[in-house]
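Chemist:
Number of protein chains: 4
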Amino acid sequence: MRELTPRQQQLHTIIFGTHTPGGKRFDVILICAILLSVFVVLLDSVTVVAERHHHWLFTIEWIFTILFTIEYFVRIYCSPARFKYMTSFFGIVDFLSILPSYLALFLAGSSYLAVVRLLRVLRIFRVLKLIRYLSDMNVLLRSLFNARRKILIFFFTVLILTTIFGAAMFLIEGPERGFTSIPKSIYWAIVTITTVGYGDISPQTPIGQILAAMVMLLGYSIIAVPTGILTAELAQEIQREKQSVVCHACGKAGHDMDAHFCSACGAELPAVPATE
Amino acid sequence: MRELTPRQQQLHTIIFGTHTPGGKRFDVILICAILLSVFVVLLDSVTVVAERHHHWLFTIEWIFTILFTIEYFVRIYCSPARFKYMTSFFGIVDFLSILPSYLALFLAGSSYLAVVRLLRVLRIFRVLKLIRYLSDMNVLLRSLFNARRKILIFFFTVLILTTIFGAAMFLIEGPERGFTSIPKSIYWAIVTITTVGYGDISPQTPIGQILAAMVMLLGYSIIAVPTGILTAELAQEIQREKQSVVCHACGKAGHDMDAHFCSACGAELPAVPATE
Amino acid sequence: MRELTPRQQQLHTIIFGTHTPGGKRFDVILICAILLSVFVVLLDSVTVVAERHHHWLFTIEWIFTILFTIEYFVRIYCSPARFKYMTSFFGIVDFLSILPSYLALFLAGSSYLAVVRLLRVLRIFRVLKLIRYLSDMNVLLRSLFNARRKILIFFFTVLILTTIFGAAMFLIEGPERGFTSIPKSIYWAIVTITTVGYGDISPQTPIGQILAAMVMLLGYSIIAVPTGILTAELAQEIQREKQSVVCHACGKAGHDMDAHFCSACGAELPAVPATE
Amino acid sequence: MRELTPRQQQLHTIIFGTHTPGGKRFDVILICAILLSVFVVLLDSVTVVAERHHHWLFTIEWIFTILFTIEYFVRIYCSPARFKYMTSFFGIVDFLSILPSYLALFLAGSSYLAVVRLLRVLRIFRVLKLIRYLSDMNVLLRSLFNARRKILIFFFTVLILTTIFGAAMFLIEGPERGFTSIPKSIYWAIVTITTVGYGDISPQTPIGQILAAMVMLLGYSIIAVPTGILTAELAQEIQREKQSVVCHACGKAGHDMDAHFCSACGAELPAVPATE
Chain A
2 MRELTPRQQQ
12 LHTIIFGTHT
22 PGGKRFDVIL
32 ICAILLSVFV
42 VLLDSVTVVA
52 ERHHHWLFTI
62 EWIFTILFTI
72 EYFVRIYCSP
82 ARFKYMTSFF
92 GIVDFLSILP
102 SYLALFLAGS
112 SYLAVVRLLR
122 VLRIFRVLKL
132 IRYLSDMNVL
142 LRSLFNARRK
152 ILIFFFTVLI
162 LTTIFGAAMF
172 LIEGPERGFT
182 SIPKSIYWAI
192 VTITTVGYGD
202 ISPQTPIGQI
212 LAAMVMLLGY
222 SIIAVPTGIL
232 TAELAQEIQR
242 EKQSVVCHAC
252 GKAGHDMDAH
262 FCSACGAELP
272 AVPATE
Chain B
2 MRELTPRQQQ
12 LHTIIFGTHT
22 PGGKRFDVIL
32 ICAILLSVFV
42 VLLDSVTVVA
52 ERHHHWLFTI
62 EWIFTILFTI
72 EYFVRIYCSP
82 ARFKYMTSFF
92 GIVDFLSILP
102 SYLALFLAGS
112 SYLAVVRLLR
122 VLRIFRVLKL
132 IRYLSDMNVL
142 LRSLFNARRK
152 ILIFFFTVLI
162 LTTIFGAAMF
172 LIEGPERGFT
182 SIPKSIYWAI
192 VTITTVGYGD
202 ISPQTPIGQI
212 LAAMVMLLGY
222 SIIAVPTGIL
232 TAELAQEIQR
242 EKQSVVCHAC
252 GKAGHDMDAH
262 FCSACGAELP
272 AVPATE
Chain C
2 MRELTPRQQQ
12 LHTIIFGTHT
22 PGGKRFDVIL
32 ICAILLSVFV
42 VLLDSVTVVA
52 ERHHHWLFTI
62 EWIFTILFTI
72 EYFVRIYCSP
82 ARFKYMTSFF
92 GIVDFLSILP
102 SYLALFLAGS
112 SYLAVVRLLR
122 VLRIFRVLKL
132 IRYLSDMNVL
142 LRSLFNARRK
152 ILIFFFTVLI
162 LTTIFGAAMF
172 LIEGPERGFT
182 SIPKSIYWAI
192 VTITTVGYGD
202 ISPQTPIGQI
212 LAAMVMLLGY
222 SIIAVPTGIL
232 TAELAQEIQR
242 EKQSVVCHAC
252 GKAGHDMDAH
262 FCSACGAELP
272 AVPATE
Chain D
2 MRELTPRQQQ
12 LHTIIFGTHT
22 PGGKRFDVIL
32 ICAILLSVFV
42 VLLDSVTVVA
52 ERHHHWLFTI
62 EWIFTILFTI
72 EYFVRIYCSP
82 ARFKYMTSFF
92 GIVDFLSILP
102 SYLALFLAGS
112 SYLAVVRLLR
122 VLRIFRVLKL
132 IRYLSDMNVL
142 LRSLFNARRK
152 ILIFFFTVLI
162 LTTIFGAAMF
172 LIEGPERGFT
182 SIPKSIYWAI
192 VTITTVGYGD
202 ISPQTPIGQI
212 LAAMVMLLGY
222 SIIAVPTGIL
232 TAELAQEIQR
242 EKQSVVCHAC
252 GKAGHDMDAH
262 FCSACGAELP
272 AVPATE
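Protein chains in written order, with this note's numbering: chain A, 2 to 277; chain B, 2 to 277; chain C, 2 to 277; chain D, 2 to 277.
(1) Run through DSSP, which three-state label would C:His55 get?
(2) I need the straight-line Cα distance from D:Val29 to D:Phe91, nearest angstrom please.
(3) Quick check on A:Gly200 - is its C-beta less than 8 Å from some C-beta in chain B?
(4) Strictly below 8 Å CB to CB, what residues from chain B border A:Phe156?
(5) Can you tell me where the alpha helix (DSSP H) holding A:Ser222 begins and where it ends?
(6) Given a threshold of 16 other Cβ atoms within 10 Å of its Cβ, counted over all protein chains shown, does A:Val116 qualify as buried or as exposed?
(7) Is the separation between the beta-carbon of A:Glu234 and that of A:Asn147 shorter than 8 Å?
(8) Kindly indicate if chain C contains any beta-carbon less than 8 Å away from that of D:Lys85.
(9) Contact between the segment 11-23 of chain B and the segment 70-83 of chain B: three or more CB pairs below 8 Å?
(10) Inspect the CB distances between the segment 92-103 of chain D and the segment 62-69 of chain D and report whether three or more fall short of 8 Å.
(11) Report the option in D:Lys185, D:Gly179, D:Glu177, D:Val192 whose CA atom is closest to the CA atom of D:Val159.
(12) Hey, A:Phe166 and A:Ser182 are a contact pair by Cβ (cut 8 Å); roughly how many whole angstroms apart?
(13) In angstroms, rounded to a whole number, what distance separates the CA positions of B:Phe157 and D:Ile194?
(14) May I have the straight-line CA-CA distance separating C:Ser38 from C:Tyr86, to the nearest angstrom?
(15) For D:Ala168, report the span of its alpha helix (DSSP H) as first-last.
(16) If you check the beta carbons only, do C:Ile230 and C:Ile152 fall under 8 Å apart?
(17) Once you ignore the five residues that flank B:Thr164 on each side, which residues in its own chain have a CB closer than 6 Å to its CB?
(18) For A:Gly200 versus D:Gly220, is the C-beta distance shorter than 8 Å?
(19) Determine, using beta carbons only, whether C:Ile154 and B:Leu141 come nearer to each other than 8 Å.
(20) Skipping 5 residues on each side, what residues in its chain have a beta carbon closer than 7 Å to that of B:Ile211?
(21) Can B:Ile32 and B:Val122 be called in contact, C-beta distance under 8 Å?
(22) Between the Cα of D:Ser111 and the Cα atoms of A:Val47, A:Asp137, A:Leu114, A:Ala169, which residue gives the shortest distance?
(23) Kindly say whether D:Arg150, judged by its beta-carbon, lies nearer than 8 Å to any beta-carbon of chain C.
(24) Determine, using beta carbons only, whether A:Glu277 comes closer than 8 Å to chain C.
(25) So that I know if they touch, is there some Cβ in chain D lying closer than 8 Å to that of C:Ser98?
(26) Mind checking whether D:Glu174 and D:Thr196 have CB atoms under 8 Å apart?
(27) Please list the partners that C:Leu58 has in chain D, where partner means a Cβ-to-Cβ separation under 7 Å.
(28) Apart from the five residues just before and just after C:Ala51, which ones in its own chain have a Cβ nearer than 6 Å to its Cβ?
(29) Does any C-beta atom of chain C lie closer than 8 Å to the C-beta of D:Val273?
(30) Can you name the residues of chain B whose CB is closer than 8 Å to the CB of A:Asp95?
(31) Classify C:Ile35: buried if its beta carbon has 16 or more other beta carbons within 10 angstroms, exposed otherwise.
(32) Which of helix, strand or coil does DSSP assign to C:Cys33?
(33) In chain order, what residues of the same chain lie with their CB nearer than 7 Å to the CB of C:Val226, ignoring the 5 residues before and after it?
(34) For D:Leu135, which of helix, strand or coil comes out of DSSP?
(35) Just tell me which of A:Ile239, A:Val42, A:Leu108 has its CA closest to the CA of A:Leu136.
(36) Along chain A, in chain order, which residues have C-beta atoms closer than 8 Å to that of C:Thr193?
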């Protein structure tokens, strides 16, 4: 970590901080700008609107892009740990949200990818001091993290099954009924096993329909697997969270009942457990 | 709260009360009238029926509307706390259920919105003294209330994801394959991620189908998130309810084992816990 | 309960009993006959098969119907409590499974309803002495029974919501886009909220698609409600069952740890709890 | 179990073992070969690719088949319990993964079934020493095993219900609206109850749509049953696993807190419980 000059320190408080009125005002304006710029991108994609107002929308989009670009470089400039910021989740999102507009100079159409900006809005929880939201988000993320191996095994199994079912359907139904190749049949199997069921490709021979019915019933029951995994993990996390002290400053839960200071930000913990 | 005149008191007992035979009879007649009036609205929307019997249906609808309007004003008249009633859930529903018929004088067709009346039927649980139903409804509502933040975070994430996937599909598939704009592509992404899958728009290029398969598998696994959240909360609520005393008069659960009077209505609590 | 003559007693042991070799053999033959007769009905509905072999299939169907009719009357004859049998679940199913064939004499086509016979096969669990299956079935049924009020409230809410959404879509999309009446729009709303999504009717106006997206997201999250309810009840039932003694004779679970005889059939209970 | 000659012993260590560098290298190469051979099969099914490169793909496929055939016989040769290997899960998969290519000599097209090979990749967990993955997989499998009876009862019920609903829809809608036979109507019922909803067959009469809506709402609520069953079992398994000692050598969980050696492989257990 570098020493920051007073000027950098000041910028850092405004841009990264959320505790001062200035820092809060900056973040609120930023979120509004992001939502507005995404709205402009959406409008620009509607043919009727684009035909009439493309010039204006194009101009507004570039103004936002330039502002976000300046903001990105100021963030790097006033960050105490530049490389750490640039490789953090929000650092990468900040970079990706300005990239598409510049890419569009070479690759027509890629400017639409600027909607990735929306991910920056996730900062809203920190800005609005929604501690309980942050805490609940942590519970969700930790449950997903605890369940990661089981979910990976599940997806692995689903992919193997859909490949085998896809190959079988390709043999049974054949190219003349829409199953033109095994990859396309795998696509059909995924559409079916996830119970989406577009109906753009559907089995027409009796044997194909019997196999399809089996795939559906299988999908119907394995839908239970990720739900079961996550529910079991969530139940444990919620249990654990309710029995622990939540930090009022940063939202970190999981402190022991007799802990006095937050292990993440060092703030003093409330005396009574936050059982709500 | 105002003092009620004896006349108002009498009307209040009949219209708002459910303990006297008169109050109960009034509510049963009211619910029948609501169901009948909604049935008339449904019938009036069927072309074959409307062509022949529109005149009759129109007359019946207006009779019901006038009756409900009178009832609404009598409710205000005999309410001890007028403003509180008018801004309560049922007060707003009562108002909304007469509004569409009058709106239809200016805006043709809006009379169909009178089906909002159905919400008034929710009073049925109070009328029929279905205490255990009220208690179970409370468990459901309290679980949803406890899970509100987690569900909001979830929807927030789903909206951001569908916007990003929608923009990507708009780029990949393009207007000539049904993805005419980013908003429409977002609609497709929601149809897909919720596993509804109408099939009115569906990807046709290999790359589009690969991305669609990823959206489906993602939808398939995040379907687990709200289920997991609610199940974990429900399990806790049911546990808590079974360990508490339920009031036989108003259905409120959650009293301590040694409580003697209901904290909501003041009625005496049963000695033995209602473990069913 | 009447006194049975020795002849009736003998018939009762064979037809209702499952403990003697004769009773078991009778039930196995019965289940095979039911499956065969349903298979004949299915075959008879396939045009290609029916055109060639209708005569044979028709004859076989009537032979089965007559056999099942005789069986039904013998069951009544040798039952110690005739009225109780006739109004029991299996008594009604036994009656309904012979009715369609006779109805077909007056109402062409109703013979296909003979597939109701399949419900009789549920006896299989009792026949094959699948005690653990019976016990697991009891857990499932008891969970559903405990959750009945919550599930009713849920369906009540879904019906009210779909009616209101249906009326709104009827107004927005109108008859020219497939939403020909409010009842049909309610059908669309149910197809959408349950995430089935046939695509036979689908919104085409931007406002209709926004409302549809909201219905889907709502459906996506309320899918969590019945799952949550049932999971919470099931978890409790499974917990309770594992902590109780299961009768080896009839499968009834839930006996206290120190119980000596089954409260349902009087058989002696195992000393060690069936924790598996 | 036979005595192995030193040569057999050496081969066994490489082919079956995963502890030596040689054994690990062999398995990694094997998994790459399998994935490559499946990729070749997928490519060969795409018409555009097959037309140009069929000759090459055909040759590569046969090289892989011959290699896998040799490997299969070497596995038998160096297995201490030949029959046990041949009838084990992986023994059967190994056999099935070479069969389709030979079958294709007689039955054109059956070579596509070679994708069954993918199942062999499941060995990856053992190869990469992903102990926690193995342990999590065990939790999933044990939950499914514990829930097997409940899931069977559930499928049994779904099949009976879809048959009855299918027959009813065949009567109501009839062959002229796509419901050409009872088996096809059962296919429709399964498509609907699992919420897949292709839309290739859909009810068009008002009565048919009312029945369909009932099937959907039923499907919507019974989707809760397998989820509830599995979640309840999973929650118990995860609980049990967290309170037990996991073997670091083979991943077997469920040892008592004071156990010193793994009951499956005999390796020494860690002193502190693996609570993660």
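Every residue gets a Cβ at the ideal spot worked out from N, C-alpha and C, and that includes glycine.
This structure is a prediction, so every number in the text was calculated from the model and none was measured.
Modeler: So, from the data block:
(1) It is helical.
(2) One C-alpha to the other measures close to 16 Å.
(3) With respect to chain B, the C-beta atom of A:Gly200 has a partner C-beta closer than 8 Å.
(4) Taking the beta carbon of A:Phe156 as reference, the chain B residues within 8 Å of it are Leu218, Ser222, listed in sequence order.
(5) Looking at the DSSP string, the run of the alpha helix (DSSP H) that includes A:Ser222 is 207-223.
(6) When all chains shown are included, A:Val116 counts as buried.
(7) It is a contact, given that the beta carbons lie within the stated cut-off.
(8) No, D:Lys85 lies away from the interface with chain C (no Cβ there is under 8 Å from its Cβ).
(9) Yes, the segment 11-23 of chain B touches the segment 70-83 of chain B.
(10) Yes, the segment 92-103 of chain D touches the segment 62-69 of chain D.
(11) Nearest option by C-alpha distance: D:Val192.
(12) 14 Å between Cβ atoms; not a contact.
(13) Using only the alpha carbons, I get a separation of about 30 Å.
(14) Distance between C:Ser38 and C:Tyr86, taken at the CA atoms: about 24 Å.
(15) Taken as a continuous stretch (DSSP letters only), the alpha helix (DSSP H) holding D:Ala168 covers 149-174.
(16) Going by C-beta atoms, C:Ile230 is nearer than 8 Å to C:Ile152.
(17) For B:Thr164, where only same-chain residues beyond five positions count, the Cβ hits under 6 Å are Ile187.
(18) No, the Cβ-Cβ distance between A:Gly200 and D:Gly220 is not below 8 Å.
(19) Result yes, Cβ atoms of C:Ile154 and B:Leu141 sit closer than 8 Å.
(20) Within its own chain, no residue has a Cβ closer than 7 Å to the Cβ of B:Ile211 once the five positions on either side in sequence are excluded.
(21) Closer than 8 Å, so yes.
(22) D:Ser111 has its Cα closest to that of A:Ala169, out of A:Val47, A:Asp137, A:Leu114, A:Ala169.
(23) For D:Arg150, the nearest beta carbon of chain C is closer than 8 Å to its own beta carbon.
(24) Low confidence applies here, because A:Glu277 scores a pLDDT of 37, under 50, leaving its location unreliable and the question unanswered by this model.
(25) Residue-level contact by beta carbon fails for C:Ser98 and chain D, as no gap is shorter than 8 Å.
(26) Not a contact, by the Cβ cut-off of 8 Å.
(27) Contact note: C:Leu58 does not reach chain D at a C-beta cutoff of 7 Å; the least C-beta distance is about 12 Å.
(28) Cβ-Cβ distances below 6 Å link C:Ala51 to Asp45 in the same chain, with the five nearest sequence neighbours on each side left out; the list follows chain order.
(29) Note that D:Val273 scores 47 on pLDDT, short of 50, meaning its location in the model is unreliable; the coordinates nonetheless yield the value given after this. It does not; no Cβ of chain C falls within 8 Å.
(30) Those do not exist, as A:Asp95 stays about 15 Å from chain B at its closest Cβ, beyond 8 Å.
(31) Counting Cβ neighbours within 10 Å, C:Ile35 comes out buried, since at least 16 surround it.
(32) Looking at C:Cys33 - three-state DSSP - the assignment turns out to be helix.
(33) Same-chain partners within the cutoff: Phe155.
(34) Assigned with DSSP and collapsed to three states, D:Leu135 falls in helix.
(35) The amino acid at residue 136 of chain A is misidentified as Leu; the sequence shows Ser. Closest option to A:Ser136, Cα to Cα, is A:Ile239.
(36) Within chain A, no residue comes near C:Thr193; the closest Cβ sits about 13 Å away, beyond 8 Å.
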